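Below is one structure, written out as structure tokens; the observations come after it.
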Amino acid sequence: MKDQNFHSMKLGGVLAHFNTSLETGLESKAVSKLQSVYGRNVLTPKKQASIYTLLLKQIHNPLTYLLLFVVLVSVVTGHQLDAVIVGVLIFINTGIGFYLEYSALKKSNAIKKLVPSDVLVIRDGNEKVVDTSDLVPGDIVVVSEGDSIPADLRI
Numbered sequence: 221m222k223d224q225n226f227h228s229m230k231l232g233g234v235l236a237h238f239n240t241s242l243e244t245g246l247e248s249k250a251v252s253k254l255q256s257v258y259g260r261n262v263l264t265p266k267k268q269a270s271i272y273t274l275l276l277k278q279i280h281n282p283l284t285y286l287l288l289f290v291v292l293v294s295v296v297t298g299h300q301l302d303a304v305i306v307g308v309l310i311f312i313n314t315g316i317g318f319y320l321e322y323s324a325l326k327k328s329n330a331i332k333k334l335v336p337s338d339v340l341v342i343r344d345g346n347e348k349v350v351d352t353s354d355l356v357p358g359d360i361v362v363v364s365e366g367d368s369i370p371a372d373l374r375i
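According to my numbering, the sequence shown holds residues 221 to 375 in order.
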């Protein structure tokens, strides 16, 4: 399928390739076959970063290294108060950055749960609601105003 340029083909050619029609959609047998060939319509989830990884990501940046160097130079030259102040600033910067990134990750995961996972398709001549993960190439998707687009579709 990756070799095909369905976006540039005429509609009749795409319908013929998947043995479907705008009126009846795919047959159940064809859906099963296409699912075994192309798999489910899901993105492979990225591995979530652990809390420790998020924290290390905040520490591992050039500005932090520069400030740590300033702390070292301040200690060596006998300016302990300056070293403590810069050290506290590093701690505050790391804490704020960690908090912002962690809360953004939590909010992103919450938004993913809110996205509807059902879609209206035409199969066997009838409109039916299926899970977006069960879509296959050749499905005729019925889209109404306000619907989210469940996959790469030709409109």
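Positions of the beta carbon are idealized from the N, C-alpha and C atoms, including for glycine. Quick caveat, the model's predicted, so the values are computed rather than measured.
Taking one C-beta from the region 295-305 and one from the region 315-323 each time, how about it: are there three or more such pairs within less than 8 Å? No contact exists between the region 295-305 and the region 315-323.
Helix, strand or coil at V350 [DSSP, three-state]: strand
Considering only DSSP beta bridges, list what V339 is partnered with. V350
Along the alpha helix (DSSP H) that carries I360, what are the first and last residues, could you check? I360 -> not in any alpha helix (DSSP H); beta strand (DSSP E) instead, spanning I360 to V362.
Three or more C-beta pairs below 8 Å linking the region 321-340 and the region 229-245: no
With distances taken between CB atoms, is the gap from V356 to K348 smaller than 8 Å? no
Name the two residues that bound the continuous alpha helix (DSSP H) containing D302. Q300 to L334
For L246, does the three-state DSSP call read helix, strand or coil? strand
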